[in-house]
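Note that the protein sequences, when read in sequence, are chains P and H.
The letter at position 94 of the first sequence is residue 93 when you use numbering that gives the first Met the number 0, and the numbering goes up by one with no holes.
The letter at position 87 of the second sequence is residue 86 when you use numbering that gives the first Met the number 0, and the numbering goes up by one with no holes.
The structure appears below as structure tokens.
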Amino acid sequence: MADDQLSLTFAALADPTRRAILARLADGEATVNELAEPFSISLQAISKHLKVLERAGLITRGRDAQWRPCRLETAPLETASDWIRRYREIQRDRFDRLDQEIQAIQRKRKG
Amino acid sequence: MGETEFVIEPGRQDIVITRVFDAPREVVFKALTDPNLIPNWWGPARYETTVDRADVRPGGQWRYVSRDADGTEYGFRGVYHDIVAPDRVVQTFEFEGMPGHVSLETATLEEVDGKTRYVGVSVFQSVADRDGMAQSGMEEGASEGFDRLAEVIQSLL
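Structure (structure tokens):
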């Protein structure tokens with residue numbers, strides 16, 4: 000996945016309403032009306048969020064013109080999740096090496 | 000070996016990293032600020048990091064260069080705002096590959112039961128900057144991660 004695709008994924012996830020929509024879709028397909036139900040915002044606002052999610056490849060929408068149910072697509076999430084895991088490993092490694100330096104200073108002082 | 004904890008909330012422009020080191024604050028402070036020791040831990044392990052400049056005092060400049068296996072160099076620079084041994088280091092941070100995207104880093108050392116708790120807070124100019132910097136950090140090992148976001152993502156999979 001290209002970096003800009005990763006940016007699209009993260010940008011799409013950086014909003015609580017969109018994360019709630021994705022969490023709902025993790026339980027199965029839903030229509031726009033069903034997705035809008037728990038929120039006190041307009042259908043238009045929900046549609047805007049869905050467009051962002053669709054552009055990021057996080058959801059797809061059915062062809063049926065009337066219902067167009069939304070479906071969660073997990074591939075970009077898995078890529079983002081892998082990326083985060085690798086990133087955290089790099090940071091952990093860095094702090095582990097800082098720890099080794101600290102212990103080396105301690106040993107020298109005691110020795 | 001201690002646990003490195005990350006707090007990176009979606010939609011915010013800061014990152015907090017916490018780590019407990021089994022050593023007095025003076026020792027942790029030395030490892031953090033001694034220019035001779037910085038190459039040993041600052042950059043990613045597979046890169047060779049050199050200290051180009053490290054004028055460790057308020058107003059002093061720093062510049063580190065990480066070199067990958069192909070010899071490609073990545074420069075990072077900033078200014079030390081505050082150096083208060085053994086309590087605190089406040090500095091700016093900029094990846095030269097993304098000029099103008101400057102973050103403010105505050106490292107605080109607290110003594111807890113003879114150990115030292117390191118709390119590092121990085122504040123970026125925007126949410127997009129934070130996420131973007133962390134992405135370039137993926138390549139350069141420069142910055143921080145996405146812990147809370149990772150949890151959100153895991154819960155969706």
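By construction, the Cβ of each residue, glycine as well, lies at the ideal position given by its N, Cα and C atoms.
The model shown is predicted, which means the values in this text are computed figures rather than measured ones.
Measure the Cβ-Cβ separation of residue i and residue j and say whether it is below 8 angstroms.
i, j, result
"H/R87", "H/T115", "no"
"H/A53", "H/W61", "yes"
"H/D128", "H/H100", "yes"
"P/L34", "P/R23", "yes"
"H/F5", "P/R87", "yes"
"P/R96", "H/A44", "yes"
"H/S102", "H/V122", "yes"
"H/Y117", "H/V26", "no"
"P/W66", "P/T30", "yes"
"P/L57", "P/L42", "no"
"H/R56", "P/F94", "no"
Beta-carbon within less than 7 angstroms of residue i's beta-carbon, same chain only, minus the 5 sequence neighbours each way: which residues are those?
i, result
"H/G10", "V126"
"P/L12", "R18"
"H/W41", "T48 and Y63"
"H/I77", "Checking the sequence shown, residue 77 of chain H turns out to be Gly, not Ile. Closer than 7 angstroms at the Cβ level, and outside the excluded window around H/G77, lie W61, Q90, T91, F92 and E93."
"H/L155", "Note that H/L155 scores a pLDDT of 46, beneath 50, so its modelled location is shaky; the value from the coordinates is reported in the next line. Taken in chain order, the list of residues that qualify is empty."
Could you tell me the boundaries of the alpha helix (DSSP H) in which residue i lies?
i, result
"H/W40", "I37 to W40"
"P/K20", "Correcting the residue identity first, residue 20 of chain P is Ile in this sequence and not Lys. Per DSSP, P/I20 belongs to the alpha helix (DSSP H) from P15 to L24."
"P/Q43", "L42 to R54"
"H/T32", "R24 to T32"
"P/E28", "From DSSP, P/E28 is part of no alpha helix (DSSP H); its letter is neither H nor E."
Identify, in the order they occur along the chain, each residue of the same chain with its Cβ nearer than 6 angstroms to the Cβ of residue i, setting aside the five sequence neighbours on each side.
i, result
"H/G59", "Y79"
"H/G119", "I16 and A106"
"H/Q124", "none"
List the whole-angstrom C-beta distance separating residue i from residue j, where the pair is believed to meet the contact cut-off of C-beta under 8 angstroms.
i, j, result
"P/R17", "P/L52", "6 angstroms"
"H/D130", "P/F9", "5 angstroms"
"H/T177", "P/Q90", "Chain H is shown only over 0 to 156; residue 177 of chain H falls outside these bounds and no answer can be derived."
"H/A30", "P/E100", "4 angstroms"
"H/S24", "H/E95", "Residue identity check: residue 24 of chain H is Arg in the sequence provided, not Ser. Incorrect: roughly 31 angstroms between the Cβ atoms, too far for contact."
"P/L7", "P/A44", "Rounded, the Cβ-Cβ distance is 20 angstroms, inconsistent with contact."
What are the boundary residues of the beta strand (DSSP E) that includes residue i?
i, result
"P/R70", "C69 to L71"
"H/V55", "Careful: H/V55 lies outside any beta strand (DSSP E) and carries neither H nor E."
"H/I16", "D13 to F20"
"H/L103", "S102 to V111"
"H/S90", "It should be pointed out that residue 90 of chain H corresponds to Gln in this sequence rather than to Ser. Taken as a continuous stretch (DSSP letters only), the beta strand (DSSP E) holding H/Q90 covers R87 to F94."
"H/F123", "Per DSSP, H/F123 belongs to no beta strand (DSSP E) and is neither H nor E."
"H/I7", "Note, H/I7: premise wrong, no beta strand (DSSP E); not H, not E."
"P/R60", "I58 to R60"
"H/G74", "E72 to V83"
"H/S65", "Q60 to R66"
Would you mind telling me which residues of chain P sit closer than 9 angstroms to residue i, beta carbon to beta carbon, in chain order?
i, result
"H/A22", "D98, I101, Q102, I104 and Q105"
Along chain P, in chain order, which residues have C-beta atoms closer than 8 angstroms to that of residue i?
i, result
"H/K114", "By Cβ distance, chain P contributes nothing, its closest Cβ being about 11 angstroms from H/K114, past 8 angstroms."
"H/D130", "S6, F9, A10 and A13"
"H/A30", "L97, E100, I101 and I104"
Could you name the residues of chain P that residue i contacts, counting a contact when the two beta carbons are closer than 7 angstroms?
i, result
"H/V126", "A13"
"H/L36", "E100"
"H/W61", "Result: empty, since nearest Cβ-Cβ is about 16 angstroms, beyond 7 angstroms."
"H/V27", "I101"
Closer than 8 angstroms by C-beta to residue i: which residues in its own chain qualify, once you throw out the five before and the five after it? Chain order, please.
i, result
"H/E47", "P38, S65 and R66"
"P/T59", "E53, C69, R70 and E72"
Taking Cβ-Cβ distances shorter than 7 angstroms, what residues in chain H pair up with residue i?
i, result
"P/F94", "T3 and R18"
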